[in-house]
Each structure stands twice: as structure tokens, then as C-alpha cells.
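Written below as C-alpha cells is the structure these notes are about.
Residue numbers (the numbering used here): 7 to 89.
Printed below as a string of C-alpha cells:
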């Protein structure tokens, strides 16, 4: 499979923790689908102190993985929301 486009989309979204509503990322998302994964190279702002854990409630919200050879976070279902 092809790697994701590095430049990526221009539209940014804010990703929040479902439990405490703390902001986790500002991310350049493409498409209209659900938020399943987050490529690290598309993250504009990172508010987390430890990877894959919420800075306020310390709940894990994602897993560190490789998607098509590119580092990414795969979100755990129901742990995050975005607008």
C-alpha cells in the first residue's frame, strides 16, 4: 500500500479525551470518516506529556503502531472525540 501524503489536508480538528474533555491533539484530518487512527506526522499540536495517555486523567486513549510503514496512534474505541 502507498504511504499517506506527508503534506496532507489543510483542515484541522481538535481531539479531546472522552472522560475529562482535555485537549489531546490538533490534527490535520482528511475525509469525512470516523477517527480511527492519527498519523504522527500530521499532528500540529501535541498536548500530551506521555504518549497515548491523557495529560489530566492519565487514561490510555491509543496504541502506538505502524500503519503502512508510517508511525501512527490507533485510537481505542470510545476514548476520544473530535470537533
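Using N, Cα and C, we set each Cβ at its ideal position, and we do this for glycine too.
Owing to the predicted nature of the structure, the values given are computational and were not obtained by experimental measurement.
Distance between beta carbons of residue j and residue i, contact taken as under 8 Å
{"i": "residue 41", "j": "residue 86", "result": "7 Å"}
{"i": "residue 22", "j": "residue 81", "result": "12 Å between Cβ atoms; not a contact."}
Closest Cα partner of residue i within the set the options
{"i": "residue 19", "options": "57, 50 and 27", "result": "50"}
{"i": "residue 77", "options": "33, 7, 15 and 47", "result": "47"}
{"i": "residue 7", "options": "83, 89 and 75", "result": "75"}
{"i": "residue 43", "options": "68, 17 and 30", "result": "68"}
Contact test: residue i Cβ vs the ligand COA heavy atom, cutoff 7 Å
{"i": "residue 37", "result": "Judged by which ligands are present, the structure shown has none, so any question about the ligand COA falls away."}
Sequence-distant residues of the same chain with beta carbon closer than 7 Å to residue i, five excluded per side
{"i": "residue 70", "result": "57, 58 and 79"}
{"i": "residue 61", "result": "28, 53, 54 and 55"}
Extent of the continuous beta strand (DSSP E) to which residue i belongs
{"i": "residue 61", "result": "Neither: residue 61 is in no beta strand (DSSP E) and is coded neither H nor E."}
{"i": "residue 32", "result": "29-34"}
{"i": "residue 41", "result": "Element bounds for residue 41: n/a, residue is neither H nor E."}
Neighbourhood of residue i by C-beta distance below 8 Å, restricted to the same chain and skipping five residues each side
{"i": "residue 114", "result": "A query on residue 114 cannot be resolved here, the shown segment of the chain reaching from 7 to 89 and no further."}
Residues near residue i by beta carbon distance below 6 Å, same chain, minus five either side
{"i": "residue 35", "result": "19"}
{"i": "residue 14", "result": "34 and 48"}
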